[in-house]
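J.: For the sequence shown, our numbering assigns the number 721 to the initial residue and increments by one for each residue that follows.
Even glycine gets a Cβ: it sits at the ideal position worked out from N, Cα and C.
Submitted below is the structure of interest, expressed as structure tokens.
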Amino acid sequence: MGAAPKPNPTIGPPGPTSLNKALDRNIEALRLRHEKSAQAASFQEKLAETITHFTGSLRFVYLHLAAFGSWIVINLGWIEAIVPWDPSFVMLAMIASVEAIFLSTFVLISQNRMAAENEKRASLDLQINLLAEHEVTRLMSLVSAIADHFQVKCPLPDELKELERDVAPEVVLDAIEERGAI
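And the structure:
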């Protein structure tokens with residue numbers, strides 16, 4: 721008889737019901753926003769997205785392996801029952817080139833749409849970060865005032881005074897650009 725299995729000391733992740741109400745509300749708001757954005761897409765954008773999704777799949781690869789493989793095998797004359805129609809493969813090269821042009825265009829359309837969505841998310845992130853920085857600055861000022869009131873010594877008073885100042889994003893961006901960091 722073998723030894724009894726050791727109990728697993730690792731506790732699994734909490735279930736989805738453990739999210740607090742604010743997180744749950746935010747996730748639902750993001751889901752609704754994504755759904756609204758998908759519905760607002762034009763027919764052309766939806767078509768480009770569908771084509772791009774299909775062309776990025778293994779089904780597309782398998783389809784091309786079968787089609788191009790058959791074309792090559794037949795036009796090499798390996799199947800005697802079928803007469804080769806493109807022994808120099810000029811038609812195959814032309815078809816592949818035209819297909820590549822269209823697929824590239826569809827991919828670019830999809831990437832442009834994703835870039836616009838990413839720009840919106842980046843703007844939202846920036847706004848939330850600026851708000852959080854402002855709130856933290858106010859909290860630091862409040863904590864500093866409470867410490868002064870109760871005569872609690874701060875180990876780094878100069879650093880604290882500097883951190884209590886609001887950050888002007890345009891000044892930060894100017895400094896980053898001047899130093900060539902972007």
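Enumerate, from N- to C-terminal direction, the unbroken alpha helix (DSSP H) stretches of 4 or more residues contained entirely within the stretch 812-900.
T.: Listed in chain order, the complete alpha helix (DSSP H) runs (minimum 4 residues) inside the stretch 812-900 are 877-883, 889-898.
J.: Are any of the Cβ atoms in chain C nearer than 8 angstroms to that of SER762?
T.: Absent from the structure: chain C. Only one protein chain is present.
J.: Does ASP744 come out as helix, strand or coil in the three-state DSSP assignment?
T.: Helix at ASP744.
J.: Using a threshold of 7 angstroms, is the CB atom of ALA865 nearer than that to any non-hydrogen atom of the ligand ZN?
T.: Inclusion of the ligand ZN in the displayed structure is not the case, the ligand content being empty and no account of it being possible.
J.: Scan the stretch 752-804 and note each continuous alpha helix (DSSP H) run of 4 residues or more that stays entirely inside, going in chain order.
T.: Segments of the alpha helix (DSSP H) lying fully in the stretch 752-804: 763-775, 778-795.
J.: Anyone know if the C-beta pair for GLU837 and SER777 falls short of 8 angstroms?
T.: Going by C-beta atoms, GLU837 is not nearer than 8 angstroms to SER777.
J.: Go through its chain and collect everything with a Cβ distance to THR775's Cβ below 8 angstroms, but skip five positions before and after it.
T.: For THR775, where only same-chain residues beyond five positions count, the Cβ hits under 8 angstroms are LEU823, PHE826, VAL827.
J.: Just to confirm, is the Cβ distance from GLU755 to SER830 under 8 angstroms?
T.: Taking 8 angstroms as the Cβ cut-off, GLU755 and SER830 do not qualify as a contacting pair.
J.: Please classify THR772 as buried or exposed, where buried requires at least 16 neighbouring CB atoms within 10 angstroms.
T.: The residue is buried, with at least 16 neighbouring Cβ atoms inside 10 Å.
J.: Hey, PHE809 and ASN795: beta-carbon distance below 8 angstroms or not?
T.: Contact flag set, yes.
J.: Among residues of its own chain, excluding the 5 on either side of PHE788, which ones have a beta-carbon nearer than 6 angstroms to its beta-carbon?
T.: Same-chain partners within the cutoff: there are none.
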